[in-house]
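> If you scroll down you'll find the structure; I have some questions about it.
Laid out in structure tokens, this is it:
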């Protein structure tokens, strides 16, 4: 800080805070946008500030938020996962067809759900690692496999989820605090624990520059598979929450869910290309998205407007994060078909 | 160019183009191989399972024609190093609007078809401008475009599919040419293959596209207007998606919502099966057509064996993944193994950062 050497007195910002703001600027920016959007939603909508309003808002965005956290991890590792919706649908139908109304079944099926999510994610990662194909192509193909398996488990929307399980995730045990907040906090806690291990750094190194990462002795295959498996864990949590919210199974969840998760990551401030970002951006981005859906709904717009809005906000978020990229791109390189 | 460059990549391309004698490129060879496998699967079905030759030929060629039409645009975009995810709703848009405007009339179709093709081309050009001017990653731009078109079409149609296809399209897509026994979609596919191959491999435009996909900087320094080429490529892709939608309603006689969703993966798969490099710069349309015919025969085989739709989806995904692994230049080979994980990613995504 140059405040001490400067002749004119100015308010000194403690270096710790300045550094925190600098490192987390994308997340803080997204949070500010969320607060602004939610304020607008509260003003033009009704009941957004009542305990029930907060509860239903938190619940409606939670499964996209959890899935977006997973997608963010894959993007940080330099990949791209189009199979989010399919994996969430697969885990969702398993829960809706296998879970019975007793404690042991709920625990066992939840564990099974998490195992399926992690397994599906890990298979994505293994295929990407073995084939060296772009992860867009691999996950597009595996998304067909997962949604096919989902249709085998449950051929049309239906099934049921026990009410106690639904209440446990979507209720509010502690006063007005929605349980969903605890689930999201648990995910953040889990990520903080991962951040204490070298895995986070390894994922960012792989995403930043795979060749350098390999050259410095990083076991890139292992890191790649771990990133996809961690993402799968997030998808499984998203699916558990979705099951609790809808109390049924939807085998053809598919592309719309993937798009929302994807938009949430971008809106939350994790940029493409890998080497940067945080799963927390997915959480915040999802709620920015849902606050804006709330505004659209409260202003009486057709639900079809949500589609147009999601597309527009996706494009705008990428532009705002990289204003220097306009026309010339960051490095002034001539454009290729891939853009950027 | 890294030291990991495999022999079939850019240097090989240069050698090939300086050699005046014609020799089939790797992609053409892959295409012919895939086509032969497809024909074997087809003949096995006809002879072993005693399926009527004519009916099977018609259903396979209709599917292959629709996929190959969309895949021509996708293949051109991938040749330029990009990716187009806006196929589903561009197709659905063209299908919904065509049946709504034409509603069975051939005369109204005379202006309705150009209108939907024009809208498709506009969608593509906007994609291209987003990539060129806003410098958005192609995946983001086309994914966003897909959902925006979805919203606009649903707003316009109020979420309902209406009308029927013009009659001449229905008869063109469901009959044989005269009394020859050759399905007319097969004839259209042959014409499309010739035109597509000429545009992609024998025109300056096609070569510029491949140049931009191989190395944007080298192409630019050699005098290619990258921005114009990329915009045109996406425009052609949008036009192709809309044309695929027109052919689709010709076959089915009507339109339904989400009708295009089923065609994104087959279109990309056809390009990859045809031996094109996913990272751009290499590809031949004949390979893409072979990929589309292959997908069509596998699909008819699974349908004919009365495999449940869910299993068909699973098998379809696996077949495509397996074929992509076998046919992609250099996957699983030793030279490629020396390269670190994520190399294919970086060529595509690094430029976005």
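Residue numbers (the working numbering), protein chains in the order written: chain A, 63 to 402; chain L, 7 to 359. Quick reminder that beta carbons are idealized off the backbone N, C-alpha and C, glycines included.
Is the separation between the beta-carbon of residue 275 of chain L and that of residue 33 of chain L shorter than 8 angstroms?
Not a contact, by the Cβ cut-off of 8 angstroms.
> Using alpha carbons as the reference points, say which of L:190, L:330, L:218 and L:233 lies closest to residue 271 of chain L.
The shortest Cα separation from residue 271 of chain L among L:190, L:330, L:218 and L:233 belongs to L:330.
> If you drop the 5 nearest sequence neighbours on each side, which residues of the same chain put their C-beta closer than 8 angstroms to that of residue 330 of chain A?
Once the five neighbours on either side are set aside, the close Cβ partners of residue 330 of chain A are 88, 89, 92, 130, 134, 342, 343, 344, 345, 346, 347, 348 and 350.
> So does the segment 377 to 387 of chain A actually touch the segment 167 to 176 of chain A, counting three or more Cβ pairs closer than 8 angstroms?
Cβ pair count under 8 angstroms is below three, so no.
> Which bits of chain A does residue 319 of chain L rub up against, with CB to CB less than 8 angstroms?
By Cβ distance, chain A contributes 206, 207, 209, 210 and 213.
> Would you kindly report the start and end of the unbroken alpha helix (DSSP H) that includes residue 318 of chain A?
From DSSP, the alpha helix (DSSP H) with residue 318 of chain A extends over 316 to 330.
> Would you check if the segment 99 to 112 of chain L and the segment 151 to 169 of chain L touch, i.e. whether three or more CB-CB distances between them fall below 8 angstroms?
Yes: at least three Cβ pairs fall under 8 angstroms.
> Can you find a C-beta in chain L that's less than 8 angstroms from the C-beta of residue 317 of chain A?
So, interface residue.
> Pull up the CB-CB distance for residue 74 of chain A and residue 303 of chain A, whole angstroms please, since I reckon it's below 8 angstroms.
The Cβ separation is near 44 angstroms, so there is no contact.
> For residue 298 of chain A, which residues in the same chain have their Cβ closer than 7 angstroms to its Cβ, ignoring the five residues on either side in sequence?
Correct list, in chain order: 153, 175, 176, 178, 179 and 180.
> Taking DSSP as the reference, what is the three-state secondary structure of residue 220 of chain A?
Three-state DSSP puts residue 220 of chain A in a strand.
> Since I believe residue 153 of chain L is in contact with residue 369 of chain A (beta carbons under 8 angstroms), could you give me their beta-carbon distance rounded to a whole number of angstroms?
Between residue 153 of chain L and residue 369 of chain A the Cβ distance is about 5 angstroms, and since that is below 8 angstroms, they are a contact.
> Applying the criterion that 16 or more other CB atoms from any shown protein chain within 10 Å of the CB defines a buried residue, is residue 317 of chain A buried or exposed?
Burial call: buried.
> What alpha helix (DSSP H) runs, 4 residues minimum, are completely inside the segment 175 to 257 of chain A?
Qualifying alpha helix (DSSP H) stretches, in chain order: 197 to 215 and 225 to 232.
> Going by beta carbon distance, what residues of the same chain come within less than 6 angstroms of residue 36 of chain L, once the five residues before and after it are set aside?
For residue 36 of chain L, where only same-chain residues beyond five positions count, the Cβ hits under 6 angstroms are 281, 293 and 333.
> Could you tell me the alpha carbon to alpha carbon distance between residue 112 of chain A and residue 400 of chain A, rounded to whole angstroms?
Residue 112 of chain A and residue 400 of chain A: Cα-Cα distance of roughly 46 angstroms.
> If contact means a Cβ-Cβ distance below 8 angstroms, which residues of the segment 366 to 387 of chain A contact chain L?
Result list: 366, 367, 368, 369, 370, 371, 372, 373, 374, 376, 377, 380, 381, 384 and 387.
> Let me check understanding here. Comparing Cα to Cα, which of L:255, L:193 and L:232 lies closest to residue 211 of chain L?
The shortest Cα separation from residue 211 of chain L among L:255, L:193 and L:232 belongs to L:232.
> Ignoring anything shorter than 4 residues, give me the alpha helix (DSSP H) runs that lie fully in the segment 216 to 257 of chain L, in order along the chain.
Listed in chain order, the complete alpha helix (DSSP H) runs (minimum 4 residues) inside the segment 216 to 257 of chain L are 222 to 227.
> Mind reading off the beta-carbon distance from residue 290 of chain A to residue 186 of chain A? Whole number of angstroms is fine, and I expect it under 8 angstroms.
Their Cβ separation, rounded to whole angstroms, is 5 angstroms, which keeps residue 290 of chain A and residue 186 of chain A in contact under 8 angstroms.
> Over the uninterrupted alpha helix (DSSP H) stretch that includes residue 289 of chain A, give me the two end residues.
Start and end: 282 to 308.
> By how many angstroms is the C-alpha of residue 52 of chain L removed from the C-alpha of residue 62 of chain L?
Distance between the alpha carbons of residue 62 of chain L and residue 52 of chain L: 8 angstroms.
> Please confirm if the segment 260 to 269 of chain A is in contact with the segment 232 to 249 of chain A, defined as three or more CB-CB distances below 8 angstroms between the two stretches.
At 8 angstroms Cβ cutoff, the stretches do not touch.
> Looking only at DSSP bridge pairs, what is residue 260 of chain L linked to?
According to DSSP, residue 260 of chain L bridges with L:170.
> Hey, could you find the ends of the alpha helix (DSSP H) residue 142 of chain A is sitting in?
Where residue 142 of chain A is concerned, there is no enclosing alpha helix (DSSP H), given that its DSSP letter is neither H nor E.
> So, for residue 380 of chain A: in the same chain, excluding its five sequence neighbours on each side, which residues have a beta-carbon less than 7 angstroms away from its beta-carbon?
Taken in chain order, the residues that qualify are 328.
> Could you spell out the range, first to last residue, of the alpha helix (DSSP H) harbouring residue 57 of chain L?
Premise fails: residue 57 of chain L is in no alpha helix (DSSP H) and is neither H nor E.
> Decide yes or no for the touch test of the segment 239 to 251 of chain L against the segment 114 to 133 of chain L: beta carbon pairs closer than 8 angstroms, at least 3 of them.
Yes, they touch.
> Examine chain L for any beta-carbon lying closer than 8 angstroms to the beta-carbon of residue 76 of chain A, and answer yes or no.
No - not a single Cβ of chain L is within 8 angstroms of the one on residue 76 of chain A.
> What is the DSSP secondary structure of residue 143 of chain L, reduced to helix, strand or coil?
In the structure shown, residue 143 of chain L sits in coil (DSSP, three-state: anything other than H, G, I, E or B).
> With burial defined as no fewer than 16 other Cβ atoms inside 10 Å of the residue's Cβ, what is the status of residue 254 of chain A: buried or exposed?
Classification of residue 254 of chain A: exposed, given that the 10 Å Cβ count is below 16.
> Short check: CB of residue 189 of chain A to CB of residue 327 of chain L, under 8 angstroms?
Closer than 8 angstroms, so yes.
> Helix, strand or coil: which one does DSSP assign to residue 76 of chain A?
The answer is coil: DSSP assigns residue 76 of chain A none of H, G, I, E or B.
> Taking the C-alpha atoms as reference points, what is the distance between residue 252 of chain L and residue 236 of chain L?
If I take the Cα positions, the gap works out to 25 angstroms.
> So residue 194 of chain L and residue 71 of chain L are supposed to be a Cβ contact under 8 angstroms. How far apart are they, rounded?
So it is a contact: roughly 6 angstroms between Cβ atoms.
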